[in-house]
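Chains as they are written, first to last, in the working numbering: chain A, 1475 to 1624; chain B, 1475 to 1624; chain C, 5 to 87; chain D, 5 to 87. Ideal placement from N, C-alpha and C gives every residue a C-beta, glycine not left out. Quick caveat: nothing in here was measured; it's all calculated off a predicted structure.
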Amino acid sequence: MIRVQAEDFDVGAEMAALTGARKDIGAVVNFIGKVRDLEDGALSAMTLEHYPGMTEKMLADIEAQALERFDLQETLIVHRYGKLEPGAQIVLVITASAHRQAAFEACAFLMDWLKTKAPFWKLEESDKGRTWVEAKQADNDAVDRWQEQS
Amino acid sequence: MIRVQAEDFDVGAEMAALTGARKDIGAVVNFIGKVRDLEDGALSAMTLEHYPGMTEKMLADIEAQALERFDLQETLIVHRYGKLEPGAQIVLVITASAHRQAAFEACAFLMDWLKTKAPFWKLEESDKGRTWVEAKQADNDAVDRWQEQS
Amino acid sequence: MNIHYFAWMREQIGKSVETESPPAHIDNIDDLLDWLTNLSPAHAEALADRTIIGVAVNKEFVEPGAKLEDGDEVALFPPITGG
Amino acid sequence: MNIHYFAWMREQIGKSVETESPPAHIDNIDDLLDWLTNLSPAHAEALADRTIIGVAVNKEFVEPGAKLEDGDEVALFPPITGG
């Protein structure tokens, strides 16, 4: 399941809805990305711009790849957009599997792909001004590693 | 922080208490281990026996190793004992870091070490009788990999 | 043809979407980028570094050489920073 | 000396802890295991496979050759299955 929304999410409620009654799940991994303050300044807000329609398409595509590649019982991706405060939650990825290794690997895989394939752009506003966050080479390298393995 | 308890835990509340107000955390990874039904039978209950005193000591020791090895802002380990139903939560590991890679790796590290160093023993009761769960060679191999890397 | 811009490209060009009718011989993304670059100084500035421009056609990523057809929805954007 | 047993070792021996006073020359875990094995058929059965017995002294893991001192708390158990 995927969702793109402005509203915050409740990790416990999302996990309970996804896995609560099931008895075939041994391992659940949740990743939560949060708005982090700047190392050299005071962030006042981070605004996430996205490409409606394409975002949903890409998230569904990334999720389908994870479901094909790993032995998973359930997955959930929730990604927020709009203006967020420091400390706010940005993204939630839940992977549920019979075994822990598949759950861990699938969650890391989904995050690596989200960083480079989900059409979001981050604008940081701080006491230093406004800056569009630059993509990191490390994120491209992280995705490349999965492609070498496949 | 570590806790050993019979009571269930609320993942959302634990995460909020650990990371809620902080602005220096960019990534939180939660692992939840759950009681899984048998592949060839109907599990009625899983009972976790442990070694009070030693359990707390080992969990604190494992957590200290993770804090030394990875760049983490916060960690939490909660492990339950006693009689649990299928689908129940057994263990929660939360790792919070500035960056996602440290959070993912530390959480996987903690789970690998818990599997082989935390003095718990699992008894499964099912329509096939009662069985003490056997340790898995894969769990020992998983821990050995971290030692080769260090 | 609707062309969408995002992030600082949107800000430099001053709009999030524009409807353009490039001449018929413009049938791939590379040619479209050449043509858009000549539209205004703001376009030229926003599209100056071809090596970093991400392109989607009909909401799918494509390479800069990709063919275009009438009615395609084109999007041009800086490197994405999701997650 | 208090000796704790866990899981199926506890069940086979029939108690979770016993207080024993082995002779003075029993000063390491290997010797203690030999001595315990002769206490009863249940002990012999529970301690039959030395390769899988986990040992803790004063709540720390130790190797089977580890030295023992008066008043140590010893624990013997099958491979652990936590997490």
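Assumed close pair residue i, residue j - CB separation to whole angstroms, cut-off 8 Å
| i | j | result |
| --- | --- | --- |
| B:PHE1483 | B:CYS1581 | 16 Å between Cβ atoms; not a contact. |
| B:LEU1492 | B:ALA1570 | 6 Å |
| A:LEU1550 | A:ILE1568 | 4 Å |
| B:ALA1612 | B:TYR1555 | With 8 Å as the limit, B:ALA1612 and B:TYR1555 do not qualify as a contact, their Cβ atoms being about 23 Å apart. |
| B:LEU1541 | B:LYS1596 | Not confirmed; about 27 Å, so no contact. |
| B:LYS1558 | B:MET1520 | One detail in the question is off: residue 1558 of chain B reads as Leu in this sequence, not Lys. Right, their Cβ atoms sit about 5 Å apart. |
| A:VAL1478 | A:THR1529 | 5 Å |
| A:VAL1485 | A:ALA1562 | The pair is not a contact, with the Cβ atoms about 13 Å apart (cut-off 8 Å). |
Cα-Cα separation, residue i to residue j
| i | j | result |
| --- | --- | --- |
| B:ILE1536 | A:SER1518 | 37 Å |
| D:ILE56 | D:MET5 | 22 Å |
| A:GLU1651 | A:ALA1616 | Not covered by the structure: residue 1651 of chain A. The range shown for chain A is 1475 to 1624. |
| D:PRO45 | D:LEU36 | 16 Å |
| A:LYS1602 | B:VAL1502 | 27 Å |
| B:GLN1575 | B:GLY1527 | 32 Å |
| D:PRO26 | B:ASP1586 | 37 Å |
| D:ASP76 | B:MET1475 | 28 Å |
| C:VAL66 | A:VAL1552 | 25 Å |
| C:LEU43 | B:PHE1578 | 47 Å |
| B:GLU1513 | A:ASP1498 | 9 Å |
| D:GLY86 | B:LYS1610 | 11 Å |
| C:LYS19 | A:PHE1583 | 35 Å |
| D:MET13 | B:ALA1538 | 30 Å |
| D:VAL59 | B:GLY1515 | 33 Å |
| B:ALA1495 | D:GLU64 | 37 Å |
| D:HIS8 | B:GLU1598 | 22 Å |
| D:ILE17 | B:LEU1566 | 33 Å |
Beta bridge counterpart(s) of residue i as assigned by DSSP
| i | result |
| --- | --- |
| D:GLU77 | D:ASN6 |
| B:ALA1626 | Any question about residue 1626 of chain B goes unanswered here, given that chain B covers just 1475 to 1624. |
| A:SER1571 | A:ALA1501 |
| D:ASN32 | D:LYS71 |
| D:VAL21 | D:HIS8 |
| B:GLN1479 | B:ARG1554 |
| C:VAL59 | C:LEU80 |
| A:ILE1506 | A:LEU1566 and B:VAL1502 |
| A:THR1549 | A:THR1569 |
| B:GLU1530 | For B:GLU1530, which the question treats as bridged, DSSP gives no partner whatsoever. |
| B:THR1605 | B:GLU1598 |
| D:PHE65 | D:ALA60 |
Cβ contact (3+ pairs, closer than 8 Å) linking the segment 1525 to 1534 of chain A and the segment 1582 to 1595 of chain A: A contact exists between the segment 1525 to 1534 of chain A and the segment 1582 to 1595 of chain A.
Counting only Cβ-Cβ distances shorter than 8 Å, please list the residues of the segment 1495 to 1506 of chain B near chain A, keeping chain order. Residues of the segment 1495 to 1506 of chain B that bring their beta carbon within less than 8 Å of a beta carbon in chain A comprise ALA1495, ARG1496, LYS1497, ASP1498, ILE1499, GLY1500, ALA1501, VAL1502, VAL1503, ASN1504, PHE1505 and ILE1506, in sequence order.
Of all the residues that make up the segment 9 to 26 of chain C, which are near chain A by a beta-carbon distance shorter than 7 Å? Cβ contacts with chain A come from PHE10, ALA11 and TRP12.
Would the segment 19 to 33 of chain C count as touching the segment 57 to 74 of chain C if we require 3 or more Cβ pairs under 8 Å? Output reads yes: the segment 57 to 74 of chain C touches the segment 19 to 33 of chain C.
Scan the segment 71 to 83 of chain D for residues whose Cβ lies nearer than 8 Å to a Cβ of chain B and list them as they occur along the chain. Residues of the segment 71 to 83 of chain D with a C-beta less than 8 Å from any C-beta of chain B: ALA79, PHE81, PRO82 and PRO83, listed in chain order.
Using a beta-carbon distance cut-off of less than 8 Å, what residues from the segment 1576 to 1604 of chain A approach chain B? Those residues of the segment 1576 to 1604 of chain A that come within reach of chain B (Cβ to Cβ, closer than 8 Å) are ALA1577, PHE1578, CYS1581, ALA1582 and MET1585.
Short of 7 Å Cβ to Cβ, which residues in the segment 1561 to 1574 of chain A face chain F? The chain inventory of the structure shown lacks chain F, comprising the protein chains A, B, C and D.
With 7 Å as the limit, tell me which residues of the segment 49 to 66 of chain D have their beta carbon closer than that to any beta carbon of chain B; keep them in chain order. Cβ contacts with chain B: ALA60 and LYS63.
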